[in-house]
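Residue numbers (my numbering): 3 to 198.
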């Protein structure tokens, strides 16, 4: 927790931190029997309690529609004083079918934000560097569905190594983020191939 206290001391009171749940919870435990890991996560972040903007859960691509009941059970047990987001990667949740509708109906009931991953820039980049190739192999290539299901949409924009290409794909986000801002203040993360 010492480093967490330093983060607090190094930032203005208006700064909000967003943290991803550890992979021990999302991937290894797959949201099962992870009470100890959850308690440790919240205890570690306790010095930042009032400075947390959003906590988000990044689920593996194997976490599909059949696991939605487990996701709801997990989310329903979380402390309610925080804003949460869920980043899903299973293709069925992007197919505009009943599985995606079930997700998009269940999240607002809680209310939980659907994290929006925009990996188009990294996948349209020429694979000329090791970092770009690594990012292309790690980041899923999924459609971008700009939906608001909670109070604070989160966009993760995975840029490539060419600024001009990134700007062209980012331009529509400027309009969308401005549109959301009055009612749904968003969080935006911009990644580059070397910090993915």
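All residues carry an ideal CB built from backbone N, CA and C; glycine is no exception. Note that the structure is predicted; figures quoted are calculated from it, not measured.
For residue i, the nearest candidate out of the options (CA to CA)
| i | options | result |
| --- | --- | --- |
| residue 140 | 119, 175, 36, 70 | 119 |
| residue 10 | 36, 24, 81, 51 | 51 |
| residue 79 | 62, 40, 53, 107 | 40 |
| residue 178 | 164, 146, 107, 196 | 146 |
| residue 49 | 13, 106, 75 | 13 |
| residue 152 | 87, 98, 137 | 87 |
Buried/exposed call for residue i, threshold 16 Cβ in 10 Å
| i | result |
| --- | --- |
| residue 116 | buried |
| residue 27 | buried |
| residue 188 | buried |
| residue 114 | buried |
| residue 150 | buried |
| residue 45 | exposed |
| residue 169 | exposed |
| residue 85 | buried |
Identified DSSP bridge partners for residue i
| i | result |
| --- | --- |
| residue 20 | 56 |
| residue 169 | Paired residues: none, contrary to the question. |
| residue 190 | 157 |
Own chain partners of residue i with C-beta closer than 7 Å, once the 5 adjacent residues on each side are dropped
| i | result |
| --- | --- |
| residue 167 | 123, 126, 127 |
| residue 175 | 157, 159 |
| residue 101 | 67, 94, 95 |
| residue 172 | 159 |
| residue 6 | 46, 47, 49, 50 |
Own chain residues within Cβ distance below 6 Å of residue i, not counting five before or after
| i | result |
| --- | --- |
| residue 2 | Since the displayed the chain opens at 3 and closes at 198, residue 2 lies outside it and no answer follows. |
| residue 144 | 96 |
Close Cβ partners of residue i (< 8 Å) along its chain, the five nearest in sequence each way excluded
| i | result |
| --- | --- |
| residue 104 | 67, 70 |
Residue-chain proximity (residue i, chain C), Cβ-Cβ < 9 Å
| i | result |
| --- | --- |
| residue 187 | Chain labels in this structure do not include chain C; a single protein chain is all it has. |
**Request:** Could you name each continuous alpha helix (DSSP H) segment of 4 residues or more that falls completely within the segment 53-94, going from the start of the chain to the end?
**Result:** 70-78
**Request:** Would you mind listing the beta strand (DSSP E) stretches within the segment 89-157 that are 3+ residues and don't spill past its ends, in chain order?
**Result:** 118-120
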